[in-house]
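Per numbering that gives the first Met the number 0, the very first residue in the sequence shown carries number 0; after that it's consecutive. Here the structure comes first, spelled out in structure tokens, and everything after it is commentary.
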Amino acid sequence: MKTLQFARAVRAALIVAAIGSASTAALADIRDYKFELVDQSVKVGPDKVITVRLMNGKTGMAVPDAVIFATRLDMAPDGMPEMATKIVREPGGEPGSYRFKAAFGMEGRWQLSLGAKVQGETGTVESKLVITAQK
Ligand SMILES: [Cu+2]
0 MKTLQFARAV
10 RAALIVAAIG
20 SASTAALADI
30 RDYKFELVDQ
40 SVKVGPDKVI
50 TVRLMNGKTG
60 MAVPDAVIFA
70 TRLDMAPDGM
80 PEMATKIVRE
90 PGGEPGSYRF
100 KAAFGMEGRW
110 QLSLGAKVQG
120 ETGTVESKLV
130 ITAQK
């Protein structure tokens, strides 16, 4: 009886360990992805196009077909988090590149926040990028 209980306890512990390491691996995987700006600066004005690439840090390759579900562009880096501007997806670009159009109404640093799902990965990629608007 004692042996049987011990065996069950060991099996339960192994299952817990296996689940634990599986979820840790999934989290580590999604953290390998990040967005990066193609150009660090943009001209002040309406209808400016900005391009980001989604990179897989393990392979060094750009990742196509991500589903971007959240975007926000505001001046949080210059102390104006409430100063947000409308941002829309813009078609075109190379695979693994994602383009957006926005009006940059003021010089300074703007923060682009992105949330995305990657095909075949659990979790979400969240990146905050700072782009400088110049005259
Ligand atoms: Cu501002």
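Where a beta carbon is used, it is the ideal one built from N, C-alpha and C, also for glycine.
Which one or two residues does DSSP pair with residue 70 in a beta bridge? Residue 70 is bridged to 113.
Kindly list the residues whose CB is nearer than 8 Å to the CB of residue 23, restricted to its own chain and excluding five residues on each side of it in sequence; keep chain order. Annotation note: pLDDT 48 at residue 23 (below 50); position unreliable, no value reported.
Assuming residue 31 and residue 56 make a contact with CB atoms under 8 Å, what is their CB distance in whole Å? The beta carbons of residue 31 and residue 56 sit about 4 Å from each other, so the pair counts as a contact at 8 Å.
Mapping the DSSP letters down to three states, classify residue 28 as helix, strand or coil. Per DSSP, reduced to three states, the secondary structure at residue 28 is helical.
Please state whether the Cβ-Cβ distance between residue 100 and residue 111 is less than 9 Å. Contact flag unset, no.
Indicate whether residue 37 and residue 49 have their beta-carbon atoms separated by less than 9 Å. It is a contact, given that the beta carbons lie within the stated cut-off.
Nearest to residue 116 by alpha carbon, out of 65, 40, 39? If we check each option's Cα against that of residue 116, 65 comes out closest.
Does the distance between the C-beta of residue 77 and the nearest non-hydrogen atom of ligand 1 fall short of 8 Å? At a threshold of 8 Å, residue 77 counts as near ligand 1, since its beta carbon sits closer than that to one of the ligand's heavy atoms.
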